[in-house]
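Here's the structure, in structure tokens; my notes come after.
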Amino acid sequence: MTTPVIAEATEARTVPPPRPRARSDDADHFGPRRRRVVHLSAVVVLVVGLLLTGILSFGAASVHDSNENRLLNQRVKEASAVLAANVPNVQTPIATAAYLAEATDGNPDTFRRFVDPIIDAGGPFVSLSLWHVGTVDPKSTVVVGAQPELASMPAAARSAFLTRAYSAKTFALNNLLNEKDRRIGLGGTNHASNARFVVYGELPLPQARRSNLDRDSAFADLAYALYVGEKQSASQLIASSAGGTILGGRTASQTVPYGDTSLLLVMAPERELGGDLLARLPWLLGLGGLVLTFAAAALVERLSRRRALAEELADENAALYANQRSVAQTLQHSLLPGEFPDVDGIEFGARYVAGVEGIDIGGDWYDAVPLPDGRVLVVVGDVSGRGLPAATMMAALRYAIRAYAADGDGPAEILTKLSGLVSIPRDGHFATVLCAVIDRANRTIVLANAGHPEPLLLGDGPARFVTTQTRPPIGVRMSAPYPAVSAPLPPTATLLLYTDGLIERRGEHLDVGLERLKGAAERPAPSLQILLDNVLRDAIPRGSDDDTALVGVRWQT
Amino acid sequence: MADLNQPANAWADCTNEANGIPVIRLRGELDISNIAAIEAELDPVLAQADHGAVFDLSALAFMDSSGIALLLRARERVGDVVVRNPSPVVHRILQATGLIDTLRIES
Numbered sequence: 034m035t036t037p038v039i040a041e042a043t044e045a046r047t048v049p050p051p052r053p054r055a056r057s058d059d060a061d062h063f064g065p066r067r068r069r070v071v072h073l074s075a076v077v078v079l080v081v082g083l084l085l086t087g088i089l090s091f092g093a094a095s096v097h098d099s100n101e102n103r104l105l106n107q108r109v110k111e112a113s114a115v116l117a118a119n120v121p122n123v124q125t126p127i128a129t130a131a132y133l134a135e136a137t138d139g140n141p142d143t144f145r146r147f148v149d150p151i152i153d154a155g156g157p158f159v160s161l162s163l164w165h166v167g168t169v170d171p172k173s174t175v176v177v178g179a180q181p182e183l184a185s186m187p188a189a190a191r192s193a194f195l196t197r198a199y200s201a202k203t204f205a206l207n208n209l210l211n212e213k214d215r216r217i218g219l220g221g222t223n224h225a226s227n228a229r230f231v232v233y234g235e236l237p238l239p240q241a242r243r244s245n246l247d248r249d250s251a252f253a254d255l256a257y258a259l260y261v262g263e264k265q266s267a268s269q270l271i272a273s274s275a276g277g278t279i280l281g282g283r284t285a286s287q288t289v290p291y292g293d294t295s296l297l298l299v300m301a302p303e304r305e306l307g308g309d310l311l312a313r314l315p316w317l318l319g320l321g322g323l324v325l326t327f328a329a330a331a332l333v334e335r336l337s338r339r340r341a342l343a344e345e346l347a348d349e350n351a352a353l354y355a356n357q358r359s360v361a362q363t364l365q366h367s368l369l370p371g372e373f374p375d376v377d378g379i380e381f382g383a384r385y386v387a388g389v390e391g392i393d394i395g396g397d398w399y400d401a402v403p404l405p406d407g408r409v410l411v412v413v414g415d416v417s418g419r420g421l422p423a424a425t426m427m428a429a430l431r432y433a434i435r436a437y438a439a440d441g442d443g444p445a446e447i448l449t450k451l452s453g454l455v456s457i458p459r460d461g462h463f464a465t466v467l468c469a470v471i472d473r474a475n476r477t478i479v480l481a482n483a484g485h486p487e488p489l490l491l492g493d494g495p496a497r498f499v500t501t502q503t504r505p506p507i508g509v510r511m512s513a514p515y516p517a518v519s520a521p522l523p524p525t526a527t528l529l530l531y532t533d534g535l536i537e538r539r540g541e542h543l544d545v546g547l548e549r550l551k552g553a554a555e556r557p558a559p560s561l562q563i564l565l566d567n568v569l570r571d572a573i574p575r576g577s578d579d580d581t582a583l584v585g586v587r588w589q590t
Numbered sequence: 101m102a103d104l105n106q107p108a109n110a111w112a113d114c115t116n117e118a119n120g121i122p123v124i125r126l127r128g129e130l131d132i133s134n135i136a137a138i139e140a141e142l143d144p145v146l147a148q149a150d151h152g153a154v155f156d157l158s159a160l161a162f163m164d165s166s167g168i169a170l171l172l173r174a175r176e177r178v179g180d181v182v183v184r185n186p187s188p189v190v191h192r193i194l195q196a197t198g199l200i201d202t203l204r205i206e207s
């Protein structure tokens, strides 16, 4: 009992890409492992996005900050220019009055006449007085308006001030900020080298140190503080829009010359000078950036997951495909005989090579059926086409042949009856079949052939193909029955039956393939099995997608 | 036998002879990879031919069992098929398949 060898074609060609199964969006497809892991690419997107957002926000905030500073500086300069432009309002009356005093030798009436309208106008001076310098303790000779506080100062201080006023190039400032009646005093001369008079005026200051700018003022959007001197010092505060408090936050300051001293103007914005949009931009960018970053990271994560899923599906498909292919092969193998019958004096061997093509099974088959009297029926067949229809027809034919053989039909009758089972219009396919009965007792072989390649006989003499009077394949509409052919059986010989995969090559004449087969079969082989291996190896080209069946029957006497 | 490293190419064109029988000229190589496409192309022609058809195979270099199946299916459909001028390779294949008488060969 010999077991046929069913070989896999090992020549590889790339398996065609599997047809992908439909991808569903069902999230349950995620394996539990994947669910918890966030893909690296999403994390990278997140980090990069946050960084970019941070940088952009910071950049916008920087731009805003420097813009605000620039604008504030600009405004403070404008305000201090306005302030400086007002200095003549106090300086000119004093200088003019001093000039008049020198010219009139300190005439009180002249002084009064000049100064009254200024005081009556309500500002800026609340008191103007004329002082005769040159004595040890100068006194005022004329006072218009309120009593000057200078008069109530200690003599030494008063004297010191008047000396300053005398030598001032413009005027001298008398700091009365911390007196009961907060005032600023200004004293000046006509600036001649022999001046004898100092004109002195006092300006009132708000008690509470607060003085808001007009709503309509060009500087209404700024808080200010005005100091005497060069430092922000509470004791030196002239007035401010915020009361006595020192301005904090973003400030800009400017010094304005004021007589023999200077004033310090400090301002702070009370709203965004550059506009609200620029102020909000860092927040907008930050928020927008955060939203975009998270959205992008989420998108990348989703895409990564889908890609992972797709890869998983592709792997599954490849595995399924390979699995189906092996299932198909298992099926095919199950349709072929598992073991050869035990017939006295006869040795069997077989090879089956599945084509490399996909998962569709082919229609090649062979069979060996023991008959009474030591005879044996050997069959080889080939259903055209591939896939399940071909395999189904193949199985039907195989079992029908066995049934007819069991009934005692010879090869010719078997084929004739088979042709009634298959019809091309109905089945779409035909089958080539070769039936041979080996009768060792009578030393004959009887064959019938429906379109199949002729078997090769290796016996006495060179290998030769057995002439079989080939008729059309099973399934072709025919009028005549299949003929039987008898041939003498050599006492010792090997008969090779096969399908066209062994001899047919595209672009090649059939006779070339037949010669090649003959050459391969004639190579010395110590056993039937080795003979079959030789034939297979030499005859089948690589990358062929056709199935091939090869059966060897050897008998000896 | 299909060689998968080199796919086969085949073309068909049809003319009508005077008696209304279509002459179908097959060119290239026919094997399992392209037989379905060719057969689909020929379907309307064969549907209308009820007296038979002529297959001019002078330009057909090769044909395996799938090409034979096409010819046999056509024969069942139109009643009678004439194979005209098959190349030596194709002729030998038809002979080996026992179809020399069934498909009336004209050389």
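Sequences listed follow chains A and B, in order. The opening residue of the first sequence carries number 34 in this note's numbering; numbering runs sequentially from there. The opening residue of the second sequence carries number 101 in this note's numbering; numbering runs sequentially from there. For glycine and all other residues, C-beta sits at the position ideal for the given N, C-alpha and C.
Quick one: what does DSSP say Leu-353(A) is sitting in, helix, strand or coil? The answer is helix: DSSP assigns Leu-353(A) an H, G or I state.
Is Val-507(A) close to chain B? Criterion is C-beta to C-beta, closer than 8 Å. First, the amino acid is wrong: residue 507(A) is Ile here, not Val. No, no contact with chain B.
Quick one: what does DSSP say Asp-309(A) is sitting in, helix, strand or coil? Residue state, collapsed to three classes: helix.
Once you ignore the five residues that flank Phe-63(A) on each side, which residues in its own chain have a CB closer than 8 Å to its CB? The predicted position of Phe-63(A) is uncertain, since its pLDDT is 44 and thus under 50; a value taken from the coordinates is nonetheless stated next. Correct list, in chain order: Arg-338 and Leu-342.
Would you kindly work out how many angstroms separate the C-alpha atoms of Ala-401(A) and Phe-373(A), rounded to a whole number? Distance between the alpha carbons of Ala-401(A) and Phe-373(A) is about 7 Å.
8 Å is my cut-off, CB to CB: does Ala-423(A) come that close to chain B? By this cut-off, Ala-423(A) is not an interface position.
Going along chain A, which residues have a C-beta under 9 Å from Phe-155(B)? Going along chain A, no residue has its Cβ under 9 Å from Phe-155(B), so there is no contact; the nearest lies around 16 Å.
Evaluate contact between the region 402-412 of chain A and the region 432-440 of chain A, counting only Cβ atoms and requiring at least three cross-stretch pairs below 8 Å. Counting Cβ pairs under 8 Å, three or more are found: they touch.
Among the residues of its own chain, which have a CB less than 7 Å from the CB of Tyr-132(A), if the five just before and after it don't count? Cβ within range, chain order: Asn-223.
Could you tell me the distance, in whole angstroms, from the CA atom of Pro-181(A) to the CA atom of Ala-93(A)? Distance between the alpha carbons of Pro-181(A) and Ala-93(A) is about 55 Å.
Could you check the C-alpha separation between Glu-548(A) and Glu-349(A) for me, to the nearest Å? In this structure, the CA atom of Glu-548(A) is about 46 Å from the CA atom of Glu-349(A).
Using a beta-carbon distance below 8 Å, is Gly-120(B) in contact with chain A? Interface with chain A (8 Å Cβ-Cβ cutoff): Gly-120(B) is excluded.
Report back the beta-carbon spacing between Leu-569(A) and Val-386(A) to the nearest angstrom; my notes put them in contact at under 8 Å. Between the beta-carbon of Leu-569(A) and that of Val-386(A) there is about 7 Å, and that keeps the pair under the 8 Å contact cut.
Between Ser-207(B) and chain A, is the shortest Cβ-Cβ distance under 8 Å, so that the two count as touching? Not one chain A Cβ lies under 8 Å of Ser-207(B).
Can the beta-carbon of Ala-464(A) be found closer than 8 Å to that of Gly-534(A)? For the pair Ala-464(A) and Gly-534(A), the CB atoms are not nearer than the 8 Å cut-off.
List the residues that DSSP assigns as beta-bridge partners of Asp-472(A). Thr-477(A).
How big is the Cα-Cα spacing for Ala-179(A) and Asn-207(A)? Here the alpha carbons of Asn-207(A) and Ala-179(A) stand approximately 16 Å from one another.
DSSP three-state label for Val-70(A), please. In the three-state reduction of the DSSP assignment, Val-70(A) falls in the coil class, being assigned neither a helical nor a strand state.
Supposed contact pair Tyr-233(A) and Ala-198(A) - C-beta distance, whole angstroms, cut 8 Å: Taking 8 Å as the upper bound for CB-CB distance, Ala-198(A) and Tyr-233(A) are in contact here, some 7 Å apart.
Does any residue of chain A have a CB that is nearer than 8 Å to the CB of Val-182(B)? It does not: the Cβ of Val-182(B) has no partner Cβ on chain A nearer than 8 Å.
Beta-carbon separation (whole angstroms), Leu-530(A) vs Ala-481(A), contact threshold 8 Å: Between Ala-481(A) and Leu-530(A) the Cβ distance is about 13 Å, and since that is not below 8 Å, they are no contact.
Is there contact here, the region 235-251 of chain A with the region 271-281 of chain A, by at least three beta-carbon pairs under 8 Å? Contact holds between the region 235-251 of chain A and the region 271-281 of chain A, because three or more Cβ pairs, one in each stretch, are under 8 Å apart.
Going along the chain, which unbroken runs of the alpha helix (DSSP H) with 4 or more residues stay wholly within the region 119-201 of chain B? Here the runs fully enclosed are 135-148, 165-178 and 188-196.
Just list the residues that DSSP pairs Gly-382(A) with in beta bridges. DSSP output for Gly-382(A) lists Gly-585(A) as bridge partner(s).
According to DSSP, is Ala-558(A) part of a helix, a strand, or is it coil? Of the three classes helix, strand and coil, the one that applies to Ala-558(A) here is coil, per DSSP.
Specify, as a first and last residue, the run of the alpha helix (DSSP H) that Thr-143(A) falls within. Start and end: 141-153.
Take the Cβ of Trp-111(B) as the centre, count every other Cβ of all protein chains shown within 10 Å, and call the residue buried at 16 or more, exposed below. Flag for Trp-111(B) reads exposed.
Report the neighbours of Pro-188(B) on chain A: residues whose CB is nearer than 7 Å to its CB, in chain order. Here the neighbours are His-542.
Cβ pair Arg-497(A), Phe-162(B) closer than 8 Å: For Arg-497(A) and Phe-162(B), no; Cβs fall outside 8 Å.
What span of residues does the beta strand (DSSP E) with Thr-278(A) cover, start to end? That residue, Thr-278(A), is in no beta strand (DSSP E); it is neither H nor E in DSSP.
Since Met-300(A) sits in a beta bridge, which residues does DSSP pair it with? Assignment of beta-bridge partners to Met-300(A) by DSSP yields Tyr-257(A) and Ala-285(A).
Taking only three categories from DSSP, how would you classify Val-77(A)? DSSP places Val-77(A) in helix when its eight states are reduced to three.
Check whether the Cβ atoms of Phe-158(A) and Leu-255(A) lie closer than 8 Å to each other. No, the Cβ-Cβ distance between Phe-158(A) and Leu-255(A) is not below 8 Å.
Is the separation between the beta-carbon of Ile-135(B) and that of Ser-166(B) shorter than 8 Å? The Cβ atoms of Ile-135(B) and Ser-166(B) lie closer than 8 Å to each other.
Could you have a look at Thr-196(A) and say whether DSSP puts it in helix, strand or coil? In the structure shown, Thr-196(A) sits in a helix (DSSP, three-state: H, G or I).
Report the rounded CA-to-CA distance for Leu-259(A) versus Leu-332(A), giving the unit in angstroms. Going from the Cα of Leu-259(A) to the Cα of Leu-332(A) covers about 58 Å.
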